[in-house]
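Numbering (full-length UniProt numbering), first residue to last: 1 to 143.
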């Protein structure tokens, strides 16, 4: 099993925030600006350019070091089914090659990850494939 450069706690935080981000939808409240309690607080689920969840998630991923970002991309690919655990080194090498093509690697890695539908679920699936429990204590591998 590969040893990750990113901690299970960090991945768990990203999974949780990505799932919050994934439930956002396009504008549905045409009369926005009225009393939120009268509108059943529907605006909180709208995906806007000033979405605080997206900003928090982007900032967190941007602050990761290069190895952590590479592991995150590789985990997402593993969860997406682009390879299996035995191919981890090959998947990670592909992530390194892809990152080398970026002009601004930190920013473009964030854009790439946030542009992936169901990012949280894919990362969770990747962690499950590795046998790492990220949901409770987040530090013990599943036997």
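Think of the CB as a built atom: it goes at the ideal place given N, C-alpha and C, for glycine as much as any other residue.
- A direct Cα-to-Cα measurement between residue 91 and residue 104 gives close to 21 angstroms.
- In this structure, DSSP gives residue 6 a state outside helix and strand, which the three-state scheme calls coil.
- About 16 angstroms separates the beta carbon of residue 88 from that of residue 8, a gap too long to meet the 8 angstroms contact definition.
- Contact between the stretch 53-66 and the stretch 105-115 is present: 3 or more CB-CB pairs across the two stretches fall below 8 angstroms.
- Close CB contacts of residue 58 within its chain, under the 7 angstroms cut and outside five residues either way in sequence, are with 110, 114 (chain order).
- Closest by C-alpha distance to residue 117, out of 10, 76, 60, 72, is 76.
- When 80, 86, 18, 68 are compared, the shortest CA-CA separation from residue 54 is found for 18.
- Between residue 6 and residue 68 the beta-carbon gap is near 4 angstroms, inside 8 angstroms, which marks them as a contact.
- 9 angstroms or more divides the Cβ of residue 124 from the Cβ of residue 81.
- Your pair residue 70 and residue 100 does not check out as a contact, with CB atoms roughly 11 angstroms apart and the cut at 8 angstroms.
- Within the same chain, Cβ atoms closer than 8 angstroms to the Cβ of residue 102 are found at 108, 109, the five residues on either side in sequence being excluded.
- Boundaries of the alpha helix (DSSP H) around residue 68: 66-80.
- In this structure, residue 120 and residue 15 form a Cβ contact; the two beta carbons are roughly 5 angstroms apart against a cut-off of 8 angstroms.
- With fewer than 16 other Cβ atoms from the protein chains shown falling within 10 Å of its own Cβ, residue 85 counts as exposed.
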